[in-house]
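Here's the structure, in structure tokens; my notes come after.
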């Protein structure tokens, strides 16, 4: 585990791949623990083929200020999940040829998940009125097309 606890200094921790520490099965990184006012941390992560990585930001001043940048160069089958809340962005990056990068309490992440087109909802008053007008129009159009039987 690597903690970014510094007293007024900027810290840079570099872990090179391949990681040569014998028996390392997990790498956990934790952002600045509040020793510096507004101590925003930036995590530049390259996913490893054999070691999963967990990154936790810190809620400086009660709000997330940390950034996560994941280098996906050469990675396959990239899948990004992200949940947005008042405690920041949490989620994971999974890959076909790398171990998972899990994160929480981030203010920003890069790359971001691809957003699907929003599905229209009926919660907007204008949309409800439009649907009612379309339904009434269809009703009256069909009503005017009565057929008479000719004997």
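Residue numbers (the numbering used here): 207 to 357.
From the three backbone atoms N, C-alpha and C, an ideal C-beta is built for every residue, glycine too.
Practice prompt. Report buried or exposed for residue 299, applying the criterion of at least 16 other Cβ atoms within 10 angstroms of its Cβ.
Written response: buried
Worksheet item: When DSSP labels each residue in this structure, what does residue 301 get in the three-state scheme?
Response: coil
Worksheet item: Going by beta carbon distance, what residues of the same chain come within less than 6 Å of residue 233, once the five residues before and after it are set aside?
Response: 257, 259
Worksheet item: By DSSP, does residue 310 sit in helix, in strand, or in coil?
Response: strand
Practice prompt. Measuring alpha carbon to alpha carbon, tell me which of 250, 255, 237 ends up nearest residue 230.
Written response: 255
Worksheet item: Distance, Cα to Cα, residue 279 vs residue 316?
Response: 13 Å
Worksheet item: Rounded to the nearest angstrom, how far is the Cβ of residue 270 from that of residue 294, given a contact under 8 Å?
Response: 3 Å
Worksheet item: Using the beta-carbon count (16 or more within 10 Å), is residue 236 buried or exposed?
Response: buried
Worksheet item: Distance, Cα to Cα, residue 314 vs residue 303?
Response: 24 Å
Discussion item. With a threshold of 6 Å on Cβ separation, who are the neighbours of residue 297 within its own chain once the five nearest residues in sequence on each side are excluded?
Written reply: 287, 288, 289
Item to complete: Indicate the three-state DSSP secondary structure (helix, strand or coil) for residue 259 in the structure shown.
Response: strand
Worksheet entry | CA nearest to the CA of residue 282, picked from 262, 253, 291 | 253
Worksheet item: Tell me, which residues are paired with residue 294 by DSSP?
Response: 291
Worksheet item: Mind checking whether residue 309 and residue 274 have CB atoms under 8 Å apart?
Response: yes
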